[in-house]
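Beneath this line is the structure, given in C-alpha cells, with notes to follow.
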Amino acid sequence: MLDINLLRNNLNEIQNNLQKRGFDFDVKAFEKIDSKRKKLQIQTESLQEKSNILAKEIAQEKNQAVKDSKLKDAKKISNDLKEIKTNLDGALNDLNNFLLEIPNLLSEDVPEGKSEESNKIIYEKGIIPKFSFEIKDHQQLGELSNGINFEESVTIAKSRFVVLRNEMAKLHRALSQYMLDTHTENGYEEIYVPYLVNKNSLEGTGQLPKFEEDSFKISNEEMYLIPTAEVPVSNIYRNKILNSDELPISYVAHTPCFRREAGSYGKDTRGIIRQHQFEKVELVKFVHPEDSETELDNLTKDAEAILTNLNLPFRKVILCSGDTGFSSSKTYDLEVWFPSQKTYREISSCSNFKDFQSRRMKIRIKQSKENILCHTINGSGLAVGRTLAAIIENYQTEKGSIMVPDVLIDYMGGTKELNLPR
RNA sequence: GGAGAGGUGGCUGAGUGGUUGAAAGCGCUCCCCUGCUAAGGGAGUAUGUGGUAAUCCUGCAUCGAGGGUUCGAAUCCCUCCCUCUCCGCCA
C-alpha cells in the first residue's frame, strides 16, 4: 500500500511512476473518493465531539428540566451520527479498497519496458556445459528410472503435481537441507511456519485482494494455502513495533508452496518447472529503511551462492518496469541454465518491497520521535523443484545417469551418481 | 469436541455505565542530587487517523475482533477469535 499522504501531495509523480509498469492511476477517481472521505470525516468527528461534550454535561447536570432538554438534543445527535457514520464507513472502505489495488512505486534504477524481454541482464556466471551426446530433458531423465512419475500424481491429485521416488526424492530433500544449512551459516534464523494462513496475512504481503484466483482456498474455513513462505514469515511481525537495534532480522524457511497457476494454461506443461505444489527455501529480511538497498544486494548474493556452489550456470537480471511484481519496488531474478531448453529459467526472485508490505502489515520501528515503517525484502534461496530439474539436466551423462554435485554428496549419504539405468 | 475461567498500555495489574486513554507498580528516557557504585528526588513515557505542508495546538478513534443497547460502554447484551484449567480424542 502506498502512503496516502504521498499520494495526496505528489499525484502526478506517482501517476508517472505507476504508468511505467502499465498501471493507470485514476487521479480523478482518487480525488473524488478522498474528498468525499474528508467531508464525511470532518462532519462525523465534529458531531462526535458535540455528542461527547453533551454526554459529559448530562452527567453533571443537576437541574432536571435542563437535563431533559439536553437528553433530547443528545438523542438527536446520536441518531444523526448513526446515519453519517454509515456513510463515512462506506467512504473509508472505498478509499481503502482503492489503495489496496495500487501497486508499489518502482525504484529509480528499474529499467523501463513492457514485458520480460526488456529485463536487463546484469551478469552471467558459471560455465554452460557442452555435451558430446544427444541430451535429454529432466522429465525424460527422471522417468528413466522412475524417479519422476507424473501418472501417479495425476491419479492421486491432478495434473501439475508430481511424485518423486527413491534417489530422486532423496536428492530433492538433500537440496533443501543443503540450502537451509548454508543460509543458517550465513546468519539467517531457521523458522518453521504454518502452511495455511488467514486472509489478513495474504493481504499484508499483497497477494490479496488482487490475486485471489492465484491461491488455493480451503472450502470449510477462511484459510488459504500459502503460495510462498513469504506470506507466513513476513506476517510474523504484523501489528508489531520493532526495536531498531534488533534489525536487520533475517529468516530462512523451507515450505511447500501452492499455486493455482490460473493464467498459465499451456505454459511449461512438461516437467516439474511449473507445479501446483513445490518446495521452496525462502529468505526474508526486516530492515531499517536506510539499509534496504544494500540488504537486497546481500540477500541476492546469498541466493546466488547456492547456484555458485552447485556449479550451475546462471545469470542475474533486473526486472523491467512491466515485469516487476505488484508489491515490489525492485526485483532481481536469478535464472538458471536449462540445457534442454537452451535458455535460462527463473529460479529465484529477490525483491525489495520498501514499506509497501509493512504499511499493510503495520510493522513499525521504534523511534524516539515518531515510529517509522520498516522495509521488507525477500527472495527464493532457491526454488527446490526447479533446482532439482536444473541439476538433473546440467549433470546428466551420456548413459542417462546424473552426477551428484560435490556439495550434495554428503547429504546423499556418499552417493556420487544416481539414476543409473537398470 | 464438552465444562469452567479469562483476554486492559513495553510488562505486571486496578477498574462492572458518566472528565478513565485508563490508578498503582515495574521497565524505559531526560533532569537533579551524590568521591565511584548502590540508593534517592523530579519530570516524561500507547497506537492510529483527521483538521494543517509542518512544529505547536487540537479533534476523533482504539481496553482481543466485529455488531448491539444507551445521551454516554473497558464496564451490559450477541457473534466470532484466542489463552488457561479439567475431561474426551489424537500424532
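Converting from the first sequence to my numbering requires adding 774 to each position, the first position being numbered 1.
Backbone N, C-alpha and C fix where the C-beta goes; we use that ideal spot for every residue, glycine too.
Figure out for me which residue from the options has the closest Cα to the Cα of residue i.
i     : options                    : result
L1086 : K1140, I1166, I1023        : I1166
K1075 : E1064, C1148, N1152, S1132 : N1152
V1055 : T1161, E917, D842          : T1161
Q1051 : A1003, S1132, L1073        : A1003
Y998  : I1183, R1034, V1110        : R1034
F872  : S906, L862, I778, S975     : I778
N974  : V1005, E1172, F907, A848   : V1005
I1146 : D1129, G1155, L1156, S1154 : D1129
S1123 : L1070, R1044, P903         : L1070
L1156 : T956, S1038, D1065         : T956
T1171 : G916, R934, L954           : G916
S1114 : L1021, I1023, I902         : I902
K1104 : E831, L1093, L874          : L1093
E886  : L780, R1012, K794, S825    : K794
N853  : E882, L821, I832           : L821
E823  : S1038, S1125, I851, R934   : I851
Y962  : S1024, K932, N972          : S1024
G978  : P877, I1015, R1134         : R1134
F797  : P1030, P1063, K888, E908   : K888
I816  : N861, R782, H1062          : N861
N826  : D863, V840, N837, D847     : D847
D1065 : D842, E995, T1150, E908    : T1150
Measure the CB-CB distance between residue i and residue j and report whether it falls below 8 Å.
i     : j     : result
L828  : K844  : yes
L1108 : A1077 : yes
S1008 : I1139 : no
L1042 : N893  : Residue identity differs from the one stated: residue 1042 is Asp in this sequence, not Leu. Not in contact: D1042 and N893 (Cβ atoms no closer than 8 Å).
P1001 : S989  : yes
Y1185 : M1177 : no
Y966  : A1027 : yes
L949  : L792  : no
L1073 : K1059 : yes
R1048 : I1137 : no
R934  : L866  : no
S1038 : V884  : no
L1084 : P1179 : yes
If contacts are defined as beta-carbon pairs under 8 Å, then residue i and residue j qualify, I think. What distance do you get, rounded to the angstrom?
i     : j     : result
V936  : I1046 : 5 Å
T818  : K856  : At roughly 11 Å, the Cβ-Cβ gap does not stay under 8 Å, so T818 and K856 are not in contact.
H946  : V1158 : 6 Å
R1197 : N960  : The displayed coordinates of the chain run from 775 to 1196. Any statement about residue 1197 would go beyond what the structure contains.
F1127 : S1102 : 6 Å
N721  : E925  : Residue 721 lies beyond the stretch modelled for the chain, which goes from 775 to 1196, so this question has no answer here.
L879  : L982  : So it is not a contact: roughly 20 Å between Cβ atoms.
G1099 : S1125 : 7 Å
By DSSP, does residue i sit in helix, in strand, or in coil?
i     : result
V1181 : helix
H957  : helix
E857  : helix
Q789  : helix
Y952  : helix
H1050 : coil
N920  : coil
S852  : helix
P1030 : strand
### Sequence ranges, alpha helix (DSSP H) only - wholly within the stretch 1099-1173, length at least 4
You should have 1130-1135, 1158-1168.
### Message
Going residue by residue through the stretch 956-1018, where are the continuous alpha helix (DSSP H) segments of at least 4 residues, counting only ones entirely within it?
### Response
973-979, 1004-1008
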